[in-house]
Each structure stands twice: as structure tokens, then as C-alpha cells.
Amino acid sequence: MVATNPFMIVFRLLHIVAGVLWVGSAFLFVGFIGPAAAEVGPAAGPLLHVAVKERKVAKVITGLGITTVVAGWIIWLRDLNDFGSLSDWLGSHFGFVLTIGAVLATIAAFLGAYGVGRNVERLVDVGDAVEASGGPPTPEQQARIEHLGAEIEKHGKIDLVLLVLAVACMATARYW
2 MVATNPFMIV
12 FRLLHIVAGV
22 LWVGSAFLFV
32 GFIGPAAAEV
42 GPAAGPLLHV
52 AVKERKVAKV
62 ITGLGITTVV
72 AGWIIWLRDL
82 NDFGSLSDWL
92 GSHFGFVLTI
102 GAVLATIAAF
112 LGAYGVGRNV
122 ERLVDVGDAV
132 EASGGPPTPE
142 QQARIEHLGA
152 EIEKHGKIDL
162 VLLVLAVACM
172 ATARYW
């Protein structure tokens, strides 16, 4: 029975717990912390510095995404093996919908890591440079801040939509 297989228990636990933390973190940052920091402006700098540079929030969220995706693909391969062939697996509604969810989550992991995470780190670096100068940002720094902020917002929203769609696929796959 698959449900009592220790392999499946471990990988499903990794997949689900990391996924819940990943999607919840993305929702919190894209929906609340990012917009609040943008609204507050430079006063948010110290908090963002501690969260990003000391607590490594972008790296932690990226790690959660990678853990979720890798564990998910391992489970996917195990399920594929149970169906016998790729055409049988993708020919089933369950396998097809899980595959769509897996692809969406994989794209979201890369987009989150490179479009959001790295840009958040770059934004904090610029903010730290502005703070170290003791004055207002130079026009170049201000342009960089605005560009990075727009990139983070754009990629964050796309990432969150992809994650919600992936979760919807995973949660409903067996009912199609």
C-alpha cells in the first residue's frame, strides 16, 4: 500500500510542509511586507536589511521552493513508475493535472529565486549603500531602487499566481 510506504511518507511530508511554508511566505511578502516596505520607503531599510542579510529570508524561501519542487518531482517519478509508462501517466487526469502543477511550481521556483529573491537582495544592497552615504540616494541609486522595486513587484505577483495555480492543481488532481 502506497500510503504506508516510508519513502512516500518522508517525501510527501517534505513536499507538503516545505510547500506550505513556501507559498505562505510568498503570500506574506508579495501581499503585505513588500507593499508595506514600498509605502514606508527608506524607513523600511533597517528591517529589510536584517530580514534579508542577517536572517537570509530570500535564501530560506528559495530553499523551501527547491525542497518542495525536488521532493515533488521525486514523488511524480514514483507515481509515474506505478502507472508503467509516461503515456499512461499523462493520459490519466490525475497524472496530467499533477504534471501541470509540477511544471507551474518549477517555473515559480525559478522565477521566485531569480526574479524576486535576487532582486530583493540587490535592493537591500542599494539601500545599505544609501544609508552608508548618510544622505539621500543619488539619481542613479534612486533609479535603481525604482527599477528593482518594479521588478520585484512584477515577478512577485506572477510567482504568486503560479503558486496558487500549482496548489490548485495539486489539491484537486485526484478529482478530475
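Here this note's numbering is used: the first residue of the sequence shown is 2, the next is one more, and so on. Here a beta-carbon is modelled for each residue, glycine too, at the ideal position from N, C-alpha and C.
Local conformation of residue 137 per DSSP, three classes:
On the sequence shown, residue 137 is found 136 positions in, with the first residue counted as 1. It is coil, neither helix nor strand.
Measuring CA to CA, which of 86, 76, 25, 24 is closest to residue 7?
Along the sequence shown, read from residue 1 onward, the residue named residue 7 stands at position 6. Cα-wise, what sits closest to residue 7 is 76.
I'd like the list of long-range same chain contacts for residue 2, defined as Cβ closer than 7 Å, with 5 residues on each side in sequence excluded.
Numbered from 1 along the sequence shown, position 1 holds the residue referred to as residue 2. Here residue 2 scores only 49 on pLDDT, less than 50, and its place in the model should not be relied on; the value that follows carries that caveat. The answer is none, since no qualifying residue turns up.
Determine the closest residue to residue 169 out of 144, 11, 101, with distance taken between C-alpha atoms.
Residue 169 sits at position 168 when you count from the first residue of the sequence shown. Checked all of 144, 11, 101; the closest Cα to residue 169 is 101.
Beta carbon of residue 95 nearer than 8 Å to that of residue 37:
Taking the sequence shown and counting its residues from 1, the one referred to as residue 95 is at position 94. Taking the sequence shown and counting its residues from 1, the one referred to as residue 37 is at position 36. Result no, Cβ atoms of residue 95 and residue 37 do not sit closer than 8 Å.
Within the stretch 98-144, ranges of the alpha helix (DSSP H) (whole runs, at least 4 residues)
Complete alpha helix (DSSP H) runs here, min 4: 119-134.
If I follow the unbroken alpha helix (DSSP H) through residue 5, where does it start and stop?
Taking the sequence shown and counting its residues from 1, one reaches residue 5 at position 4. That residue, residue 5, is in no alpha helix (DSSP H); it is neither H nor E in DSSP.
Taking the C-alpha atoms as reference points, what is the distance between residue 125 and residue 158?
Taking the first residue of the sequence shown as 1, we reach residue 125 at position 124. Taking the first residue of the sequence shown as 1, we reach residue 158 at position 157. So the two alpha carbons sit approximately 20 Å from each other.
In chain order, what residues of the same chain have a beta carbon less than 6 Å from the beta carbon of residue 81, not counting five sequence neighbours either side?
Along the sequence shown, read from residue 1 onward, the residue named residue 81 stands at position 80. Answer for residue 81: 90, listed in chain order.
Spatial distance of residue 110 from residue 164 (CA atoms)
As a first step, residue 110 must be located in the sequence shown, where it is residue number 109. As a first step, residue 164 must be located in the sequence shown, where it is residue number 163. Near 9 Å, if we compare the C-alpha coordinates of residue 164 and residue 110.
Nearest-angstrom Cα distance between residue 28 and residue 83?
Counting from 1 along the sequence shown, the entry for residue 28 is found at position 27. Counting from 1 along the sequence shown, the entry for residue 83 is found at position 82. Near 34 Å, if we compare the C-alpha coordinates of residue 83 and residue 28.
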